[in-house]
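Please read the structure below before turning to the comments.
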Amino acid sequence: MGFHRVLTIAAVLALTVLAIPSSRAVDLSHKIEELNYYEWTAVAPVVIAGKSLGENGRYIEFRVNHALRGPVEPGEMIRIDLKYANRNRRRSDYRHALKMPQGTDFIVVLENPQPARDGRRVFRMARGIRSVRELPLEAQQGVLDAVATFLEIQNYKNDKVTWKRMGQMLEATNPLVVRNALEQMFKFRRGTLDHLLSLRPLFDHPDPTIREQAARLAGQIVGRHGTDHVVPEEEALMAELIGVARRDDTVESRVAATQALAAFGVARVETVLDEIAATDPDQNVRYSAQKILLEYRQERELEAQRPRLDETAN
Numbered sequence: 053m054g055f056h057r058v059l060t061i062a063a064v065l066a067l068t069v070l071a072i073p074s075s076r077a078v079d080l081s082h083k084i085e086e087l088n089y090y091e092w093t094a095v096a097p098v099v100i101a102g103k104s105l106g107e108n109g110r111y112i113e114f115r116v117n118h119a120l121r122g123p124v125e126p127g128e129m130i131r132i133d134l135k136y137a138n139r140n141r142r143r144s145d146y147r148h149a150l151k152m153p154q155g156t157d158f159i160v161v162l163e164n165p166q167p168a169r170d171g172r173r174v175f176r177m178a179r180g181i182r183s184v185r186e187l188p189l190e191a192q193q194g195v196l197d198a199v200a201t202f203l204e205i206q207n208y209k210n211d212k213v214t215w216k217r218m219g220q221m222l223e224a225t226n227p228l229v230v231r232n233a234l235e236q237m238f239k240f241r242r243g244t245l246d247h248l249l250s251l252r253p254l255f256d257h258p259d260p261t262i263r264e265q266a267a268r269l270a271g272q273i274v275g276r277h278g279t280d281h282v283v284p285e286e287e288a289l290m291a292e293l294i295g296v297a298r299r300d301d302t303v304e305s306r307v308a309a310t311q312a313l314a315a316f317g318v319a320r321v322e323t324v325l326d327e328i329a330a331t332d333p334d335q336n337v338r339y340s341a342q343k344i345l346l347e348y349r350q351e352r353e354l355e356a357q358r359p360r361l362d363e364t365a366n
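Heads up, the sequence shown is in my numbering, so the first residue is 53 and it goes up one at a time.
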C-alpha cells in the first residue's frame, strides 16, 4: 500500500470518528437516529466551535474559537444555558444530563443570544441536549471545513442551488462532505443519471460508509430513471456494482450493492444473485439476494399462470 494511500485512509478514519457524537457529552438510554451535520445545523441561527471553560451555576462558560454562523465573534466568551437544556430533555431518551467537561472542544448549535449576564451573552441550545458534539483534536479542521460548506449552502435558501451543490459535493475530497451529500440525495431522491459518473469512483472509497451509500444511491437512480432513459455506461456501472457485491470487505456495502443490482432488472443479474445467495459468508447478504430472487421468481410464475387463468375464466 502506497504512502499517500495510507495517509488517505488515516484521514478518513479520523473523520469517521469525528462524525460520531461522543458519549462523554450525551448518554443515550437507547439508540436514537443521529442527524447528519447538514440537517443538524439547518435549524440553528448560531453555530460555533470552541472550548468549554467549565460550569458556572446553570451555565457553561464557553470560549468561541470559530464563529461559523450568527452574531458571534471568534475569541468571545459566552454562556450556554446548560440547565435549561437538561431540565427540558426527554428523560425516556436521555437518562443522564448533558455534560460539557472543562477543557473539551465542542461544536454547538444555538439560538440567538439573550440579554447579557455579567458582561457575557447567554445562549440557549437550538436542539436541546442534542445541540452539542465533541471535537477531538485529530482532523478537527476537516469537520469545521465541512460544516462551513453546509452552512454556505443553507444560507442560499434556494432549492435549486442546494441540490446543484449537493451533486458537486459527491466529488469532494472531504469524506464528511461526501457522506452528507450522499445521505441527503438518497433521502430526498434527488439523484439523477448525471450523478452516476461521480458515484462510480466512490465504490472504491476507503470509507466503507461512503461505499455503502454510493451503491444505494446508484441503485435508486437506476431504479427511478433507468427504465425511460439511457443509463450512462450502464454495463460498466453494473460490473462495478457486481464487484462491490461480491468482494467488498464490509457486509453493509455488499448488501447495498446486491440490492442495487435489482434495479437493472433481475433477469440480467440472476446468475450473479444466485451466486451471492449461495456463497456469501454473511447471512444478511445472502438473505438480500435470496429475497430479490424469491420475489422475482414468484412474479415470473404468476405471469406464466395468467394466460391459463384467463382461459379458465372464459
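Cβ atoms here follow ideal geometry from the backbone N, Cα and C, with glycine treated the same way.
- In this structure, DSSP gives Val296 a helical state, which the three-state scheme calls helix.
- Of the candidates Val95, Ala200, Arg276 and Leu105, the residue whose Cα lies closest to the Cα of Leu228 is Ala200.
- For His277, the enclosing alpha helix (DSSP H) starts and ends at Pro260 to His277.
- With respect to the 8 Å criterion, Asp157 and Lys103 are classified as neighbours on the basis of their beta carbons.
- When DSSP states are grouped into helix, strand and coil, Pro227 belongs to the helix group.
- When only Cα atoms are considered, His148 and Leu325 end up about 47 Å apart.
- In chain order, Arg176 and Ala178 place their CB closer than 6 Å to the CB of Glu163, counting only its own chain and leaving out the 5 sequence neighbours on each side.
- Counting the other CB atoms within 10 Å of its CB gives Gln166 a total below 16, which places it among the exposed residues.
- Gln154: not part of any alpha helix (DSSP H); DSSP gives it neither H nor E.
- Shown here for Leu222: same chain residues with a beta carbon closer than 6 Å to its own, the five before and five after excluded, namely Ala233 and Ser250 in chain order.
- For the pair Pro126 and Gln342, the Cα-to-Cα distance works out to about 56 Å.
- Taken in chain order, the complete beta strand (DSSP E) segments of 3 residues or longer contained in the segment 73-147 are 98-108, 111-121 and 129-133.
- In the DSSP assignment, Phe175 falls outside any alpha helix (DSSP H) and lies within the beta strand (DSSP E) extending over Arg172 to Phe175.
- Annotation for Val184: the continuous beta strand (DSSP E) segment containing it runs Val184 to Glu186.
- Val307 has no beta-bridge partner at all, per DSSP.
- For Val283, the three-state secondary structure derived from DSSP is coil.
- By the criterion of at least three beta-carbon pairs nearer than 8 Å, the segment 318-333 is in contact with the segment 280-300.
- Under the Cβ criterion (8 Å, minimum of three pairs), the segment 301-309 counts as touching the segment 264-278.
- For the options Leu289, Ala329 and Asp301, the alpha carbon positioned closest to that of Ala315 is the one of Leu289.
- Of the residues assessed, Ser144 falls on the exposed side of the cut-off, its CB having fewer than 16 other CB atoms within 10 angstroms.
- In this model, Val283 and Ala267 are separated by some 15 Å (Cα to Cα).
- A distance below 8 Å between beta-carbons, with the five flanking residues on each side excluded, links Arg141 to the following residues of its chain, in chain order: Ala149, Leu150, Gly180 and Ile181.
- A distance below 8 Å separates the beta carbons of Thr93 and Leu203.
- Ranked by Cα distance from Tyr111, the first of Arg263, Thr331, Glu86 and Arg172 is Arg172.
- Contact check for Arg242 against Phe255 fails: the beta carbons are separated by 8 Å or more.
- Closest in alpha carbon position to Val98, among His118, Asn88, Arg358 and Ala224, is His118.
- Annotation for Lys135: Arg110 place their beta carbon closer than 6 Å to its own, counting only its chain and skipping 5 residues before and after.
- Annotation for Ala329: Arg338, Ala341, Gln342 and Leu345 place their beta carbon closer than 7 Å to its own, counting only its chain and skipping 5 residues before and after.
- One alpha carbon belongs to Trp215, the other to Gln236, and they sit about 9 Å apart.
- In the three-state reduction of the DSSP assignment, Pro167 falls in the strand class.
- In the DSSP assignment, Gly219 falls within the alpha helix (DSSP H) that extends over Asp211 to Met221.
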